[in-house]
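Student:
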């Protein structure tokens, strides 16, 4: 039974079939370099070489996902209507604070809301009515038009982790992130076929003064990738810098007429928007750039402990944020966002990959569709400190709901570790591999004559196998998705290769990818203008590191 | 930012909120033992003690899953009808071999099939028509009636891995399995609240002669667990031994009238049933015991490389096996089974957790529902050699489709490693934890007034938090599912605890569980009679180990 590296358990004759195929047909199918001594059906050098070729900088980029599978919906129509009614009650009776922003309060007053101090209460129907000017879907333009993404509708866009102050890799362990790490993650996202977006703060470059680092981050996205990216939201003037730098590359008029940045605006849950976030929101919306209005929820702390209660609050906060963007500029693209997980009620610690946030994710996606706006949620979230089984299960437990709920914009899709405190090099590779798996799953099935494969069943008949048949020969190259992380070798081969786990194999992959990375071309004039802009701004901004 | 062990990335004010909650409300909520030096919000001793209490032998057993969430279906109605039409074509024109079993051929001839040699061809509609006598769902009785399971309908039953000749654990690495390992996995399945079934060959006890070991396996299930179990299928006489031993415990008449064993019958794909499997099938069906008719498919080897082609073949094989069981005894319980994965077309190696088998799983579940019979598939399948991120992702990539497709009987739900060659102690614990997560997910959401939580939103209002509010106090104990594997501690606490990954924590868990295990009571007369039967049989069976 050893040496065939195959399935046990269900009958036994199957082993022989596969043992046969491995020594004959499989080799003839691939014509791959193989050891001829019969030691293994997968010669180490050949397999390694093929894996290297696949996982280097030369994979074919995939466009964003145009889903060809049904949606999964957990909540009933009655349940959704109940949440919407309760949300209107919350907005009318409790309201939402807009703090330290008199202009926002005045805008809400003009729109017909009731203002008491910083509390804004909304007459029934006002918020939903304002959102009607928001586009159902929109294109975010990249500097490489092949990398443009459509956000909304039946599409899904994967973007990397956002915000960690630390990085982790096997070689160095855990340490503060630097601008070099930032560039590395931009490069890895650029190289990953299933990551459609360069993201935003892929890690926090704490070696650059806090007032200046947004400039280096925007520049890195523009210089080291040609995928779409996100602007800075940590202060209104940094949002304006982001817009100004985008205009250097895309042109003033193009930026005013089109979305070239999506920007993450968090509600300060429960039921508060603060002046920093609202300030950035105003800059982006008035410049016609997209805002992702995301209540940041750990149920039990920032919301009630139940799914319906949490969804009611999420709907209230996201709706008000999107409506406010429409007050700033009717028609400005917005995304209904939610980041929802839970805390441990025993310890207060944030938890990920648990079932209750999955219910919330599915429900929020349904609520967003009923508002006719794009939806952001999900990602490869986990609490684990290492890219181990915990990290993988927790990530899968968010990624599967992400793809099945029809999330349109997926932040934190790769690299997230330790509750978002850490950008992990190895987990980035492992996650990106899973994203490409889900992208293939979303392609659905092929009902064509070739897909039906009746000719193959006829040709092979009872008791034989399909490895050599004409249908297999015609389809084998594209028939099955291929992982660049999984080791499917025999036990003996894996043992002889050093018994590496997935994280250790991913370690070799990101190093090889960074080694082979080549930057996409950037117009020299644009590059110079960006550097001039940065130099001018850095000359007037303070050097504080906190 | 350090020391709060919380979420980065999305805004920053959130940290402060949670920092506050960790030091105050979280502790007052739990009244758990905590270090008073402020070093950590999760005192190691307290957390460890609570985890131990949860993961010992004293967890509340869950009944099988009565799903309260919708089904997810990938295939269209037209697509399903297409597969059914093509299946009838395959059955009529190509047919299926019943090898070395003249009785089976005669039975098919009497039923109206066309026989040429060992090839059986089926007039259109015959097979579907025969299946109509099969029950839509049935109860499998356990010797503890609280552990009875209903297989079919809107229910899901999780059973352990089946068949591995090897075991792996961190302490010993990989080695051949023994009867002691077998008993250990029976005990671990008995203790796991979310594993509803004791399974069958939880590992292959290769230290017992091959002709005798089925006796020890059946005895172990009856002695060390009170959950329902599976009979031997490796020879007709071993199936009969299984029935005889079940009759000792359940009584002759009860067994004849009720299902007390489900039994795994593999088709020898493509399109062959062999005399071993058909022989066991006949014994079980004639004794009114359930047979799970499972094409064992690695697409590309045992079936065509496409989803629709594979599903056509699966439907043909499973239907014919179920129809044959009805020829043996009309009304005998049957399960539409499928084990479907793929091979790597580059190396011939089996792969798991890839997207194409997920399509097949969803499609086969739909086909089974259209036949009005229970469905078996899924599990925690993986090719990985270790319980690492690869194992977890691959397992999740089958488990999520399993729960969403509405699989009724899930073999290999826990412990499967290395393509089913290995039963892993650590992975068993990690998988069982994930099963309990999915069981909670399948509970769906609570739309009641308490679930709506409007009172909580009113009480807390903008800018505060929910940890101390009355609604949280009333719900916190049951609000969120709890993992017994995940480490949600702060980085510093985790580091000080020894930087253990999930597998290492699971290692401590299974050892503690086996240490604390207490066998369920077994009637002394039954025990004696079982031992007498085994002794009598062992005296006449040969001692060969292969």
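Chains as they are written, first to last, in this note's numbering: chain X, 4 to 549; chain F, 4 to 549. Note that CB positions come from ideal geometry on N, CA and C, so glycine has one too. Quick caveat: nothing in here was measured; it's all calculated off a predicted structure.
1. Does residue 1(F) come within less than 9 Å of chain X when only Cβ atoms are used?
2. Here's a check: name, in chain order, each residue in its chain whose Cβ is nearer than 6 Å to the Cβ of residue 405(F), leaving out the five neighbours to either side.
3. Can you tell which of 409(F), 361(F) and 397(F) has its C-alpha closest to the C-alpha of residue 445(F)?
4. For residue 100(X), report the span of its beta strand (DSSP E) as first-last.
5. Going by DSSP, what residues sit across from residue 117(X) in a beta bridge?
6. Would you check if the distance between the CB atom of residue 375(X) and the CB atom of residue 135(X) is smaller than 9 Å?
7. In three-state terms, what does DSSP make of residue 247(X)?
8. Who are the Cβ neighbours of residue 546(X) in its own chain at under 6 Å, not counting the five residues just before and after it?
9. Under a CB-based cut-off of 9 Å, is residue 393(F) close to chain X?
10. Please specify which runs of the alpha helix (DSSP H), each continuous and at least 4 residues long, are wholly inside the stretch 462-519 of chain F, giving them in chain order.
11. Name the chain F residues whose beta carbon is nearer than 7 Å to that of residue 443(X)?
12. Listing by chain order, which chain X residues have their CB less than 9 Å from the CB of residue 85(F)?
13. Could you pull out every residue in the same chain whose Cβ sits closer than 6 Å to the Cβ of residue 87(F), ignoring the five residues on either side in sequence?
14. Here's the rule: buried if 16 or more other CB atoms are within 10 angstroms of the residue's CB, otherwise exposed. What is residue 359(X)?
15. Comparing alpha-carbon positions, which option in 451(F), 502(F) and 470(F) lies nearest residue 81(X)?
16. Give me the residue from 138(X), 129(X) and 99(X) with the minimum Cα distance to residue 575(X).
17. Quick one, which of 402(X), 520(X) and 298(X) has its alpha-carbon nearest residue 339(X)'s?
18. When burial is assigned at 16 or more other CB atoms within 10 Å of the CB, is residue 168(F) buried or exposed?
19. If we count the other Cβ atoms within 10 Å of its Cβ and call it buried at 16 or more, is residue 56(F) buried or exposed?
20. Tell me the residue span of the alpha helix (DSSP H) that contains residue 136(F).
21. With a threshold of 9 Å between beta-carbons, can residue 44(X) be considered close to chain F, or not?
22. What are the partner residues of residue 369(F), as DSSP defines its beta bridges?
23. In angstroms, rounded to a whole number, what distance separates the CA positions of residue 535(F) and residue 527(F)?
24. Which residues in chain F sit within 7 Å of residue 345(X), going by Cβ to Cβ distance?
25. Using CA coordinates, which residue listed in 314(X), 157(X), 170(X) and 276(X) is at the minimum distance from residue 425(X)?
26. Using a Cβ-Cβ cutoff of 8 Å, what residues of the stretch 362-374 of chain X are near chain F? List them in chain order.
27. Looking at the structure shown, is residue 223(X) part of a helix, part of a strand, or coil, going by DSSP?
28. Per DSSP, which residues does residue 428(X) bridge with? Please list them.
29. Who does residue 348(F) pair with in a DSSP beta bridge?
30. Per DSSP, residue 295(F) forms a beta bridge with which residues?
31. Mind checking if residue 463(X) is an interface residue toward chain F, Cβ cutoff 9 Å exclusive?
32. Give the straight-line distance between the Cα atoms of residue 70(F) and residue 263(F), rounded to the nearest whole angstrom.
33. Considering Cα atoms alone, identify which of 511(F), 293(F), 401(F) and 388(F) is closest to residue 343(F).
34. Residue 164(F) and residue 188(F) - do their beta-carbons sit closer together than 9 Å?
35. So, at 6 Å on beta carbons, what are the nonlocal neighbours of residue 216(X) in its own chain, with the 5 sequence-adjacent residues on each side left out?
36. Take residue 333(F) and list the residues in its own chain whose beta-carbon comes closer than 7 Å to its own, dropping the five residues that flank it on each side.
Tutor: Looking at the atomic coordinates:
1. Absent from the structure is residue 1(F), since the part of chain F shown begins at 4 and ends at 549.
2. Taking the first residue of the second chain as 1, we reach residue 405(F) at position 402. Once the five neighbours on either side are set aside, the close Cβ partners of residue 405(F) are 381 and 413.
3. Looking up residue 445(F) in the second chain gives position 442. Across the set 409(F), 361(F) and 397(F), the C-alpha of 409(F) shows the shortest separation from the C-alpha of residue 445(F).
4. Within the first chain, numbered from 1, the residue matching residue 100(X) stands at position 97. Its beta strand (DSSP E) spans residues 99-101.
5. Residue mapping note: residue 117(X) aligns to position 114 of the first chain, counting from 1. Its beta-bridge partners are 124(X).
6. Position 372 of the first chain, counting from 1, holds the residue named residue 375(X). Position 132 of the first chain, counting from 1, holds the residue named residue 135(X). Closer than 9 Å, so yes.
7. If you number the first chain from 1, residue 247(X) lands on position 244. Note: residue 247(X) maps to helix in three-state DSSP.
8. Translated into the one-based positions of the first chain, residue 546(X) becomes position 543. Counting only Cβ-Cβ distances below 6 Å, and skipping sequence neighbours, we find 212.
9. As a first step, residue 393(F) must be located in the second chain, where it is residue number 390. Chain X contact via Cβ: present.
10. Segments of the alpha helix (DSSP H) lying fully in the stretch 462-519 of chain F: 473-478, 494-499 and 505-519.
11. Taking the first residue of the first chain as 1, we reach residue 443(X) at position 440. At a beta-carbon threshold of 7 Å, the residues of chain F lying near residue 443(X) are 358, ordered along the chain.
12. As a first step, residue 85(F) must be located in the second chain, where it is residue number 82. Under the 9 Å cutoff, chain X gives 450 and 455.
13. Along the second chain, read from residue 1 onward, the residue named residue 87(F) stands at position 84. Correct list: empty, nothing qualifies.
14. On the first chain, position 356 is the one that residue 359(X) refers to. When all chains shown are included, residue 359(X) counts as buried.
15. Position 78 of the first chain, counted from the start, is the residue given in the question as residue 81(X). Out of 451(F), 502(F) and 470(F), 451(F) has the C-alpha closest to the C-alpha of residue 81(X).
16. The displayed coordinates of chain X run from 4 to 549. Any statement about residue 575(X) would go beyond what the structure contains.
17. Looking up residue 339(X) in the first chain gives position 336. Residue 298(X) is the option with its Cα nearest to residue 339(X).
18. Position 165 of the second chain, counting from 1, holds the residue named residue 168(F). That one is buried.
19. Here residue 56(F) refers to the residue found at position 53 of the second chain. The pLDDT assigned to residue 56(F) is 42, lower than 50, so where the model puts this residue is not dependable; a value taken from the coordinates is nonetheless given after this. Exposed.
20. One-based indexing of the second chain puts residue 136(F) at position 133. Judged by DSSP secondary structure, residue 136(F) falls outside any alpha helix (DSSP H); it is assigned neither H nor E.
21. What you label residue 44(X) is simply residue 41 of the first chain in a count that begins at 1. Reliability fails at residue 44(X), whose pLDDT of 32 lies under 50, so the model's placement of it is uncertain and the value that follows must be treated cautiously. With a threshold of 9 Å between beta carbons, residue 44(X) makes contact with chain F.
22. Translated into positions along the second chain, residue 369(F) becomes position 366. Secondary-structure assignment with DSSP links residue 369(F) through no beta bridge to anything.
23. Along the second chain, read from residue 1 onward, the residue named residue 535(F) stands at position 532. Along the second chain, read from residue 1 onward, the residue named residue 527(F) stands at position 524. One Cα belongs to residue 535(F), the other to residue 527(F), and the distance between them is close to 12 Å.
24. Taking the first residue of the first chain as position 1, residue 345(X) is located at position 342. Around residue 345(X), the beta-carbon contacts reaching into chain F at under 7 Å are 483.
25. The residue given as residue 425(X) occupies position 422 in the first chain. Of 314(X), 157(X), 170(X) and 276(X), the residue nearest in Cα terms is 170(X).
26. Near chain F, meaning a CB-to-CB distance below 8 Å, the residues of the stretch 362-374 of chain X are 362 and 366.
27. Residue 223(X) sits at position 220 when you count from the first residue of the first chain. Helix, per DSSP.
28. In the first chain, the residue the question calls residue 428(X) occupies position 425. Residue pairing for residue 428(X): DSSP places it in no beta bridge.
29. Translated into positions along the second chain, residue 348(F) becomes position 345. In DSSP, residue 348(F) forms no bridge with anything.
30. Position 292 of the second chain, counted from the first residue, corresponds to residue 295(F). Beta-bridge pairing links residue 295(F) to 267(F) and 338(F).
31. Within the first chain, the letter at position 460 stands for residue 463(X). Put simply, the CB of residue 463(X) is near chain F, with a gap under 9 Å to one of its CB atoms.
32. Taking the first residue of the second chain as 1, we reach residue 70(F) at position 67. Taking the first residue of the second chain as 1, we reach residue 263(F) at position 260. Each residue's alpha carbon lies about 23 Å from the other.
33. Looking up residue 343(F) in the second chain gives position 340. Taking only the C-alpha atoms, the option nearest residue 343(F) is 401(F).
34. Reading the second chain from its first residue, position 185 is the one you call residue 188(F). Reading the second chain from its first residue, position 161 is the one you call residue 164(F). Yes, the pair counts as a contact, with Cβ atoms nearer than the cut-off.
35. The residue labelled residue 216(X) in the question sits at position 213 within the first chain. Excluding residues within five positions, the ones whose Cβ falls inside 6 Å are 208.
36. For the purposes of this step, residue 333(F) is identified with residue 330 of the second chain, where counting begins at 1. The beta carbon of residue 333(F) sits closer than 7 Å to the beta carbons of 136 from its chain, once the five residues preceding and following it are set aside; these are given in chain order.
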